[in-house]
Amino acid sequence: MIAAIALLVFASLAVSGASLLANADWPSRAPALAIWAWQCLSGGAALALVFAGLAVALPETPLRAAVARALEACSVALARHYSTPGGLPIAVAALTISLFIVVRFGYMVTRDASMACRARRRQLATLGLVTQDHPSGFKLLPNDLPMVFCVPGRRPTVVVTRGAIEQLTTQQLDLVLAHERQHLHARHDLALTLAGALARTFGNRGLFQQAAQQIAQLAEMQADDTAHRVGDRRELAEALLRLSPSGRDLNAGATAATAVARVRRLAMPAAPLIATERYTAAVLGAALLGAPFGLALAPAVEAAIHDCCPVVTAEPVFPGQTAVSPPMHPASRTDLLDIQRPSRL
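If you're matching positions, the sequence shown starts at 57 in this note's numbering and goes up one per residue.
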C-alpha cells in the first residue's frame with residue numbers, strides 16, 4: 057500500500073510542479089532542455105498513475121508470481137510488501153484503470169500518427185501538382201499569401217509561397233528556411249504527436265494539456281535558435297512579423313500567442329544556461345522520469361534483498377498433538393513452504 061500511496065503523491069506533486077516550470081524563466085533560455093523537462097514531468101506523472109494501479113493489483117493477481125520470478129524473491133513476502141486493503145475487487149479495479157491508461161495512450165498515438173501520415177501524403181501529392189523545385193532546396197508555391205511551412209515525414213519538405221519571397225529579404229528568407237529545417241531535423245512532429253496523444257489520453261486536462269502547449273511553443277523557440285547572431289535574430293523577428301498576418305507553421309502548432317512570445321524573445325535575447333545549469337536540469341528531468349520506477353519497485357527489491365520467506369506454522373491435526381514449526385530458512389522462492397505434518401499411527 058505504501059508504494060501505491062507514494063506513487064499517487066508523486067503524481068500530485070508533478071501536477072503541482074507544472075505551474076512552477078511554466079512560470080520559470082530558464083525554459084526560454086534552453087528550449088530543447090525545457091522540452092525534455094516537460095516530457096519527463098508529464099511522462100513521470102502518467103507512469104506514476106499506471107504503476108500505482110499495478111502496485112495495488114500485484115498481491116491479488118498473477119503479477120505477483122511474475123515479479124517474484126524476475127527478482128528471485130519470495131512470493132509470499134512480496135505480497136506482504138504490497139498488501140492493500142480491499143482484496144481482489146480493489147485489485148481488479150486498479151489493474152483495469154492502469155490497463156485502460158496504457159491501452160488508451162497506445163490507441164491515441166497510433167491514431168494520431170496514422171492520421172498525420174495520411175494527411176502528409178495527401179498534402180505532398182497536392183503540392184507535387186502545383187509547386188516547383190527551387191534551387192535553394194524548397195518547393196515554390198505560386199500563391200500570393202506569405203507563408204513558409206514544413207511537411208515532416210519520410211520526404212521532409214519545406215514549402216515557400218511566392219508571396220513570402222516578395223515579402224522577405226534574402227537574409228530573412230534564409231533564416232526562415234533554417235528555422236523550418238530545424239523543425240525537420242529535430243523531429244518536432246514526433247514530440248508534438250506524443251505530447252498531444254498523452255494529453256488526449258487524460259482528456260486534455262491539467263498537466264498533460266499544459267505540457268502539450270508548452271512543448272509546441274518551445275519547439276518554435278528551439279527552431280528560432282538557428283539564428284545565433286543578434287543581427288540575425290532581429291532579422292528573423294522581422295520576418296515573423298511580415299509573415300504573421302497569414303503565414304503559419306502548419307506542422308509545428310504555432311499560434312498567435314506563441315508568435316508574440318517568439319518575437320519578444322528574438323528582439324531581447326537572454327543569456328543561455330551555463331553548462332552546470334544544463335547538466336543539472338537534464339539530471340533532474342531524468343530523475344522525474346525514473347522516480348516512478350524506483351517507487352514502484354522499492355518494496356519488491358526490499359523483499360528480494362531480505363531473501364527470507366515468512367515462517368508458516370502447521371496447525372495440529374489431532375487433539376493432543378503439538379504444532380510443527382519448520383526452522384527459519386532462506387526464501388524458497390515459491391508461493392507455499394513445504395510443511396511437515398505428523399503422520400497417522
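Positions of the beta carbon are idealized from the N, C-alpha and C atoms, including for glycine.
Just how far apart, CA to CA, sit residue i and residue j?
{"i": "L89", "j": "P115", "result": "39 angstroms"}
{"i": "L344", "j": "G100", "result": "6 angstroms"}
{"i": "Y138", "j": "V132", "result": "10 angstroms"}
{"i": "V123", "j": "T152", "result": "18 angstroms"}
{"i": "Q188", "j": "P212", "result": "15 angstroms"}
{"i": "R304", "j": "E236", "result": "Here R304 scores only 46 on pLDDT, less than 50, and its place in the model is too uncertain to base an answer on."}
{"i": "F66", "j": "L97", "result": "10 angstroms"}
{"i": "S399", "j": "Y163", "result": "Residue placement at S399 cannot be trusted, given a pLDDT of 42 that sits under 50; the coordinates are not used to answer."}
{"i": "E171", "j": "A251", "result": "Note that residue 171 is Met in the sequence shown here, rather than Glu. Those two C-alpha atoms are separated by around 15 angstroms."}
{"i": "A136", "j": "D245", "result": "The question names Ala, yet the displayed sequence has Arg at residue 136. Approximately 45 angstroms between the Cα atoms of the pair."}
{"i": "I58", "j": "F258", "result": "25 angstroms"}
{"i": "N79", "j": "A93", "result": "13 angstroms"}
{"i": "A360", "j": "R176", "result": "51 angstroms"}
{"i": "Q227", "j": "L180", "result": "27 angstroms"}
{"i": "A247", "j": "A60", "result": "29 angstroms"}
{"i": "E294", "j": "G262", "result": "34 angstroms"}
{"i": "L306", "j": "A347", "result": "Reliability of the predicted coordinates at L306 is poor, the pLDDT of 38 falling under 50, and no value is obtained from them."}
{"i": "T314", "j": "E128", "result": "52 angstroms"}
{"i": "A354", "j": "R174", "result": "44 angstroms"}
{"i": "Q270", "j": "G193", "result": "30 angstroms"}
{"i": "V380", "j": "H362", "result": "A caution first: V380 carries a pLDDT of 47, below 50, which makes its placement in the model too unreliable to give a value."}
{"i": "R334", "j": "V186", "result": "45 angstroms"}
Looking at chain C, is there any beta carbon in it that lies within less than 7 angstroms of the beta carbon of residue i?
{"i": "K195", "result": "Absence of chain C from the displayed structure is noted, only one protein chain being present."}
So residue i and residue j are in contact, right, with Cβ under 8 angstroms, and what is the actual spacing, rounded?
{"i": "V106", "j": "A147", "result": "Between A147 and V106 the Cβ distance is about 15 angstroms, and since that is not below 8 angstroms, they are no contact."}
{"i": "A279", "j": "Q238", "result": "4 angstroms"}
{"i": "A352", "j": "L63", "result": "6 angstroms"}
{"i": "L229", "j": "I221", "result": "7 angstroms"}
{"i": "L329", "j": "A104", "result": "Contact doesn't hold; Cβ gap of about 27 angstroms is too wide."}
{"i": "T249", "j": "A169", "result": "6 angstroms"}
Assign residue i to buried or exposed, taking buried as 16 or more other Cβ atoms, counted over all protein chains shown, within 10 Å of its Cβ.
{"i": "T166", "result": "exposed"}
{"i": "V316", "result": "exposed"}
{"i": "V357", "result": "exposed"}
{"i": "L296", "result": "buried"}
{"i": "I200", "result": "Reading the sequence as shown, one finds Asp at residue 200 and not Ile. Exposed, by the Cβ-count rule."}
{"i": "I91", "result": "buried"}
{"i": "A70", "result": "buried"}
{"i": "L144", "result": "exposed"}
{"i": "A331", "result": "exposed"}
{"i": "T182", "result": "exposed"}
{"i": "A337", "result": "buried"}
{"i": "P191", "result": "exposed"}
{"i": "L134", "result": "buried"}
{"i": "C130", "result": "buried"}
{"i": "A342", "result": "exposed"}
{"i": "R256", "result": "buried"}
{"i": "Q223", "result": "buried"}
{"i": "P198", "result": "exposed"}
{"i": "P141", "result": "exposed"}
{"i": "A126", "result": "exposed"}
{"i": "R178", "result": "exposed"}
Comparing C-alpha positions only, which one of the options sits nearest to residue i?
{"i": "V159", "options": "A253, E276 and A93", "result": "A253"}
{"i": "D281", "options": "G193, E333 and A234", "result": "A234"}
{"i": "L184", "options": "P191, S192, D81 and L196", "result": "Looking at the sequence shown, residue 184 is not Leu but Gly. Nearest C-alpha to G184: L196."}
{"i": "G209", "options": "L240, Q228 and D230", "result": "L240"}
{"i": "L299", "options": "V71, T225, D81 and L69", "result": "T225"}
{"i": "H284", "options": "A327, A150 and A360", "result": "A327"}
{"i": "S154", "options": "L110, S84, D81 and R243", "result": "L110"}
{"i": "M277", "options": "A255, A242 and T249", "result": "A242"}
{"i": "D81", "options": "N260, L134, L274 and R125", "result": "L274"}
{"i": "G350", "options": "S84, G142 and A108", "result": "A108"}
{"i": "S84", "options": "P141, P325 and G193", "result": "P325"}
{"i": "C117", "options": "C130, Q179, R261 and A150", "result": "Reading off the sequence, residue 117 comes out as Thr, not Cys. It is A150 whose Cα lies nearest to the Cα of T117."}
{"i": "F156", "options": "H362, A342, N260 and A102", "result": "A102"}
{"i": "N260", "options": "F161, R174 and F194", "result": "F161"}
{"i": "Q95", "options": "R174, E333, L340 and P355", "result": "L340"}
> Below 8 angstroms, can you find three or more Cβ-Cβ pairs linking the stretch 276-290 to the stretch 320-334?
Replying inline: yes
> Between the stretch 214-221 and the stretch 199-206, do three or more beta carbon pairs fall short of 8 angstroms?
Replying inline: As far as the Cβ criterion goes, the stretch 214-221 touches the stretch 199-206, which means the pair count is three or higher.
>> Does the stretch 67-84 come into contact with the stretch 259-276, if we say contact requires no fewer than three beta-carbon pairs (one atom in each stretch) closer than 8 angstroms?
In response: Yes, the stretch 67-84 touches the stretch 259-276.
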